[in-house]
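Student: Just so we're aligned, residue 1 is where the sequence shown starts under full-length UniProt numbering, counting upward by one.
Have a look at this one.
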Amino acid sequence: MPYKDDFTNAQGWSAVDVSTRLNTTAAKTFLTFLRSKGVDTLIRYYASSERAKTITAAEAKYLSKEGFAILPVFQDSSRKIEHFSSAQGVANAKSAMDFAKRVGQPKGKGSTILFAVDADYEADQIDGPILDYFRAVKAEIGGAFSMGAYGSGAVLAKLLAEGLISVPWLSMSRLFLGTEQFFYSSRWSMRQVPPDLTHGPSGVGYDRNIIRVAKQELGAFVVDDTGHGSLFWNEDLDATLGGNPHVQVDEALVAGDRFVTTEGLRLRQSPNGVIVRDMTLGEKVTDLGASVEPGWRKVRVGLEEGVVFGKYLREPLRAEVEALLRAALDEWLRFDKGQADERGDPYYKYVRQMWAAIGEPYDGRSRYANGEEVPWSAAFISWVVRKAGPAYANFKFAAGHSVFVNNAIKARLTERLDKPFWGYRINEQKPEIGDIIQRNRASGTFTYSYAENHAEYISHSDIVVEVTADVARVLGGNVDDTVTMSSDLQEYRLDSDGYLEPGQRVIALLKNRAGLSG
């Protein structure tokens, strides 16, 4: 493919830069549009407080509440070489830090401020005034913030080589000096995709951006109602505003730990003896060894000891998979193992939490203007994946299954090792615990090929929580108005080789690769 075609390919864009304030009535439709496209990062400006392109504290709080990460770029007179000098670098660094303080950007936490170099410059200009400028900025900012830059390939390559920036943002001007080579070197963190676009319904102009690196490396942030800022993708916190993951990915497992593989297993005093209690799918036990009867295992569960049939115990999987399974099962338990109703109290509030995490206003009672219920099954998947911890930070959290499925398929095709799921056809991979199965909904007849090229269609998906020799059982939300694994549509037949049988209206299988290095 020619360079021009490669450079203008916007596949996988998930961030936009906007020079208009977005806490307005008109902009609300624009934000809704962005969410439908899977966008989670907004690049806004530190410029002059008199200019509308400058982000305000109120806007930062609003965008954060709407579920977007904020990445600021300082851009104030950067189109002429006279705008770059050591003195100007000191002044601009101070100005940028002042804006950061007003907005609530977290200081000393690794959040990033980008500095713009808007025009095309020759090597002597880059090695002279521009390098002096960035050295001064770096010296002034110190460790308060991470630094990034926007500009040509030649500018970014030099700043990286000098150790002055950690987030190189490649300009959309493909004919700028060194840009073609830098583009193909894949050293950029983000790149701006031409052309400039305008969202018709809102009138908001925007540029699409592709993020190549893990989101944690960007240093984007959010601000709460009190003006306190925090990193959006945090190694210690999950990406939900104000929440910790239910499950630590590195939860310690010891030799002998096993997990219950099916609902209905019973802890007994002896083989086929008195029932102590029912066990729950996913419950952790300690295997104490074989019992006197073949097939039975002695186990400890907390302070209780007894025996269970060993067929229904499994060894631990990857910690990241266990974290996702635990997060899914926690929601199932929170909805009383599928007995709760989405409209009841407090369950509708639980659905509200799921929606809020992706910036939507709905809850379990919500309906559209035409009276139809607002489906929350994709919000459930996004919520569970988010709660599973930082290994899943690069999941395409969205209100529609088709969005994150399309992203997972493209991640596989482009070998995105930072993505926690890759999408496959049902004859390419076998389902395992922690995978996601997407199927058609209602009268839909969508195929894998369609899903590869589209991200806006109706479908449903569930998380695989149990696999036997002949079936894969899944758990999902908004199934029979609750969180359950008991629906007729939540048990998929497997063929003799362990693949999903055709004819079950499955669109794609998303394989869980969180925690894998290659």
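Beta carbons: idealized from backbone N, C-alpha and C, even for Gly.
Can you confirm whether the stretch 484-498 touches the stretch 403-414 when touching is taken to mean that 3 or more C-beta pairs between the two stretches lie within less than 8 Å?
Tutor: They do not touch, by the three-pair rule.
Student: Indicate the three-state DSSP secondary structure (helix, strand or coil) for LYS396 in the structure shown.
Tutor: Residue state, collapsed to three classes: coil.
Student: If you count every other CB in all the chains shown that lies within 10 Å of the CB of THR445, and 16 or more means buried, which is it?
Tutor: Exposed: under 16 other Cβ atoms inside 10 Å.
Student: Using C-beta distances below 8 Å, list every residue in its chain close to THR20, excluding the 5 sequence neighbours before and after it, in chain order.
Tutor: Cβ neighbours of THR20 beyond the five flanking positions: ALA27, ALA52, LYS53, VAL204, GLY205.
Student: Can you tell me the Cα-Cα spacing of LEU22 and ARG191, whole angstroms?
Tutor: Their Cα atoms are separated by approximately 22 Å.
Student: Since HIS401 is in the beta strand (DSSP E), which residue starts that stretch and which ends it?
Tutor: Where HIS401 is concerned, there is no enclosing beta strand (DSSP E), although the alpha helix (DSSP H) it sits in stretches over 401-413.
Student: Return the bridge partner residues of GLN192 from the DSSP annotation.
Tutor: BP columns for GLN192 point to ASN209.
Student: Give me, in chain order, the residues of the same chain whose beta-carbon lies closer than 7 Å to that of GLN269; leave out the 5 immediate sequence neighbours on both sides.
Tutor: Correct list, in chain order: VAL276, GLY306.
Student: In its own chain, which residues sit with a C-beta less than 7 Å from the C-beta of VAL471, not counting the 5 before and 5 after it?
Tutor: Excluding positions up to five away in sequence, the list reads GLU491, TYR492, ARG493, LEU494.
Student: Pull up the CB-CB distance for ILE437 and ASP462, whole angstroms please, since I reckon it's below 8 Å.
Tutor: At roughly 6 Å, the Cβ-Cβ gap stays under 8 Å, so ILE437 and ASP462 are in contact.
Student: Grouping DSSP H, G and I as helix and E and B as strand, with all else coil, what is LEU265?
Tutor: Coil.
Student: Please list, in chain order, all residues of the same chain as ALA57 whose beta carbon is under 8 Å from its beta carbon, the five residues on each side excluded.
Tutor: Excluding residues within five positions, the ones whose Cβ falls inside 8 Å are ARG102, VAL103, GLY104, VAL223, GLY227.
Student: Assign THR447 to one of two classes, buried (16 or more other C-beta atoms within 10 Å of its C-beta) or exposed (fewer than that).
Tutor: That one is exposed.
Student: By a C-beta neighbour count over all protein chains shown, 10 Å radius and 16 as the cutoff for buried, is PRO502 buried or exposed?
Tutor: With fewer than 16 Cβ atoms within 10 Å of its Cβ, PRO502 is classed as exposed.
Student: Which same chain residues, not among the five before or five after PHE7, have their C-beta less than 7 Å away from its C-beta?
Tutor: Answer for PHE7: ARG174, PHE183, listed in chain order.
Student: Smallest Cα separation from TRP188: which of ASP435, LEU159, GLY38?
Tutor: Checked all of ASP435, LEU159, GLY38; the closest Cα to TRP188 is LEU159.
Student: What distance in whole Å lies between the Cβ atoms of VAL464 and PRO431, which are believed to be in contact at a cut-off of 8 Å?
Tutor: The Cβ separation is near 5 Å, so the contact holds.
Student: Taking contact to mean 3 or more Cβ pairs, one atom from each stretch, closer than 8 Å, check whether the stretch 386-405 and the stretch 332-352 are in contact.
Tutor: Output reads no: the stretch 332-352 does not touch the stretch 386-405.
Student: Among all the DSSP beta bridges, which residues are the ones paired with ALA508?
Tutor: DSSP lists GLN438 as partners of ALA508.
Student: For the alpha helix (DSSP H) that TYR3 lies in, which residues bound it at each end?
Tutor: Taken as a continuous stretch (DSSP letters only), the alpha helix (DSSP H) holding TYR3 covers 3-8.
Student: Kindly indicate which three-state DSSP category VAL474 falls into: helix, strand or coil?
Tutor: The answer is strand: DSSP assigns VAL474 an E or B state.
Student: Quick test of your reading: GLY148 and GLU320, contact by CB under 8 Å. State the CB separation rounded to the nearest angstrom.
Tutor: Wrong, their Cβ atoms sit about 29 Å apart, outside the cutoff.
Student: Could you check the C-alpha separation between PHE221 and ARG44 for me, to the nearest Å?
Tutor: Taking the straight line joining both Cα atoms gives about 12 Å.
Student: Out of PHE33, SER36, ASP40, TYR3, point me to the one whose CA is closest to SER14's CA.
Tutor: Among PHE33, SER36, ASP40, TYR3, the Cα nearest to that of SER14 is on ASP40.
Student: Just curious, the alpha helix (DSSP H) that GLY153 is in, first and last residue?
Tutor: Segment 153-161, the alpha helix (DSSP H) holding GLY153.
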